[in-house]
Amino acid sequence: MTPHALWTAFYTILSREIRRFTRIWAQTLLPPAVTMTLYFVIFGNLIGSRIGQMGGFDYMQFIVPGLIMMAVITSSYANVVSSFFSMKFQHNIEELLVSPVPNWVILTGYVCGGMARGLGIGVIVTLVSLAFTHLEFHNILMVVITVILTSALFALGGFINAMLATKFDDISIVPTFILTPLTYLGGVFYSIDLLPDFWRGVSMINPILYMVNGFRYGILGVSDVNPFVSLGMILLFIVVLAAVALNLLRRGKGIRN
Amino acid sequence: MAYALEIQGLTKTYGDGFQALKGIDLKVAKGDFFALLGPNGAGKSTTLGVVSSLVNKSAGQVRVFGHDLDTELSAAKLNLGVVPQEFNFNQFEKVLDIVTTQAGYYGIPLKQALISAEKYLKQLGLWDKRNTPSRTLSGGMKRRLMIARALVHEPRLLILDEPTAGVDIELRRSMWTFLQEMNRNGTTIILTTHYLEEAEALCRNIAIIDHGQILRNTSKRELLQQLSVETFVLDLAGGHQQLPQLDGYVRRFDKDGALEVDVQKGSGLNQVFVQLQQQGIEVDSMRTKANRLEELFVRMVEANADNSDNDPKAQL
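Same order as they appear, the protein sequences are chains L and R.
Note that the first sequence covers residues -12 to 244 in this note's numbering.
Note that the second sequence covers residues 3 to 318 in this note's numbering.
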């Protein structure tokens, strides 16, 4: 295929993904906005006002970056895992398999589709947070890079989950039993400085901690870990997951007989 | 000779050890209208699945218009359109979106895709339904949608796996006309079907597959010449309770009371009419018993089943 044809194929996948999640906006775009509003009201306002400061900021300001990141992670992952698994389930993945689209274009198209939803949700949640607190961006470039790479990473995770899943239960296991606990324990609601040494050490092997803190550094200028180490970790995970996803596609795992 | 499809030594063994294809060799000439026939589980869909990249092969070579699937997959796929057996489009998408999205996967820009989609949706009588969610279409419309989708990138080889399954006879005939027109315009067509009258009406060449092996690959004409006996159905005037005397012919009444007569190839029907006339029996109408290909097909598959331990080709 020519570069122009490859671009058309990529754009077709991406626009189809965007069309899908905007068509069902009440299931995809609205719930995170509602959930995050509740977090802001309950944790930020009601409980946060009694907690006082954390990391030198109001508790509400402290948790906003983590909550935005949590919404981005969940949405990026959910978009790809549900869309790609539905295509497998309905067999319309065959439309792609019989076509000449290379595997890397398929992967890029789906990942960018997941990123589009994740970043869209990130913007929505950020706008909602402005109703509750004042945000100043310490390093806007760091914010943008961290959120883009994080959404790409979790879109890749969702893709791999969808490739390996054989039934609908399989696409909810990872978000429920792995993603959610890691996110809650990734420093969204607290600084790991509050933890005893042992648990602080354990937290350091949680990849989401690096993403939340990288993002928090971009907004507030404070972080539990070096922000450049955060970026390095995210990039490393992206390379590994992309290699795994491409290998699964090459083998046709779960999509070819 | 240039071939639209060349298959050499194709084997497929599934993870549980089941060998679905046992070294298939098959060639389909450019411009052919070709039927791949076989009973359920014979290996038809597996063969077409490998050609269309939906099934990973275990061994062998497949070339589409000279492009090897192992080394020139993209070029091979550009020449190929596939209409699968099961409905496999997104049930929530609109008809036009399904067709133009497929065009996009082939790198065709939207403007051009819309022109091509309009052409085929109109030809297949679906243009009025272009903004309808596909799940609301009738079964026949869904089949036609899959044909439009497969043609939107103008493939030179069209593969149809049971294209008229569950379609009423009127629609089936109109689909035959459409496919014949496509074939006349240069598209090579390969189809599998359980309606052997369909293969007899449409195809020039036929391969019969069973237990993962090609039993026969030849022209329809040559295949039908193998039939040594042809059965004629005669509607007798006035109705008869007793079988007429017909020396030299096997005869019987069918369930509707018409007289069936088996006639050896080349022996003619004159003697049948002479003997009936001598007995004062008049014939209102006459037809051949459908369908010749079906008879031959059943005979071949049964022979293969009876001799599955031996070389199947030796049984024909």
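Don't be surprised by glycine CBs; every beta carbon is placed ideally from N, CA and C.
Given the structure is predicted, the values throughout are model-derived calculations rather than measurements.
- Residue-level contact check: Phe234/R does not touch chain L, since none of the beta carbons of chain L fall below 8 angstroms from its beta carbon.
- Just measuring C-alpha positions, the residue of Leu196/L, Leu136/L and Ile179/L sitting nearest Ala103/L is Leu136/L.
- Nearest in C-alpha terms to Thr179/R, of all of Phe35/R, Ser118/R, Ala61/R and Lys131/R, is Phe35/R.
- Taking 8 angstroms as the cut-off, the beta carbon of Leu71/R is found no closer than this to the beta carbon of Tyr108/R.
- Within the stretch 46 to 63 of chain R, the residues whose Cβ lies closer than 7 angstroms to some Cβ of chain L are Gly51, Ser54, Ser55, Leu56, Val57 and Asn58, listed in chain order.
- Of all alpha-carbon atoms in Glu8/R, Ala4/R and Leu38/R, the one lying nearest the alpha-carbon of Leu217/R is that of Leu38/R.
- Against Glu82/L, the close residues of chain R are Asn90, Phe91, Asn92, Ile100, Thr103, Gln104, Tyr107 and Arg151, in the order they occur along the chain (beta-carbon pairs closer than 9 angstroms).
- Residue Leu128/R holds the alpha-carbon nearest to the alpha-carbon of Lys144/R among Leu128/R, Val265/R and Gln215/R.
- With a cut-off of 8 angstroms on Cβ pairs, the stretch 39 to 58 of chain R is in contact with the stretch 207 to 221 of chain R, counting three or more such pairs.
- Short of 8 angstroms from the beta carbon of Leu182/L, and not among the five residues preceding or following it, lie these beta carbons of its own chain, in chain order: Ser190.
- The beta-carbon of Val84/R is placed less than 8 angstroms from the nearest beta-carbon of chain L.
- Separation of the CB atoms of Ile132/L and Leu218/L is rounded to 7 angstroms, and the pair is thereby assigned contact status at 8 angstroms.
- Using a Cβ-Cβ distance cut-off of 8 angstroms, the stretch 61 to 79 of chain L and the stretch 90 to 108 of chain L are in contact, since at least three pairs of beta carbons, one from each stretch, lie closer than that value.
- Considering only Asp45/L, Met41/L and Ile147/L, the residue with the shortest C-alpha distance to Ala229/L is Ile147/L.
- By the C-beta density criterion, Pro162/L is buried, having at least 16 other C-beta atoms within 10 angstroms.
- For Gly11/R, the enclosing beta strand (DSSP E) starts and ends at Tyr5 to Thr15.
- In the DSSP secondary-structure assignment, Gly83/R is bridged to Leu160/R.
- Rounded to the nearest whole angstrom, the C-alpha separation of Arg132/R and Val88/L is 25 angstroms.
- Chain L has no Cβ within less than 8 angstroms of the Cβ of Ile192/R.
- Each residue's CA atom was taken as its position, placing Leu204/R and Thr233/R some 22 angstroms apart.
- Taking C-beta separations shorter than 6 angstroms and ignoring five residues to either side along the sequence, the partners of Gly105/L in its chain run Val59, Ser62, Ser63 and Ser138, following chain order.
- Residue burial annotation: Val231/R is exposed, with fewer than 16 other C-beta atoms found within 10 angstroms of its C-beta.
- Glu95/R places its beta carbon 8 angstroms or farther from that of Pro157/R.
- In this structure Val28/L is exposed. Its beta-carbon is surrounded by fewer than 16 other beta-carbon atoms within 10 angstroms.
- In the three-state reduction of the DSSP assignment, Asn187/R falls in the coil class.
- Per DSSP, the continuous beta strand (DSSP E) segment holding Ile216/R begins and ends at Gln215 to Ser221.
- According to the DSSP assignment, Ala22/R belongs to the beta strand (DSSP E) that extends over Gln21 to Ala31.
- Thr103/R sits close to Thr(-1)/L, with the two beta carbons spaced by under 8 angstroms.
- The contact set of Ser70/L on chain R, defined by CB atoms closer than 8 angstroms, is empty, because the minimum CB distance reaches about 10 angstroms.
- Nearest CB-CB separation between Thr(-1)/L and chain R: below the 8 angstroms threshold.
- Beta-bridge analysis with DSSP links Ala209/R to Leu38/R and Asn219/R.
- Here DSSP, grouped into helix, strand and coil, assigns Ala61/R to strand.
- Leu80/R belongs to the set of residues whose beta carbon lies under 8 angstroms from a beta carbon in chain L.
- Residue state for His69/R is assigned as strand, using DSSP reduced to three classes.
- If you look at Phe30/L, you'll find it isn't in any alpha helix (DSSP H); DSSP assigns it neither H nor E.
- When only Cα atoms are considered, Gln48/L and Leu169/L end up about 21 angstroms apart.
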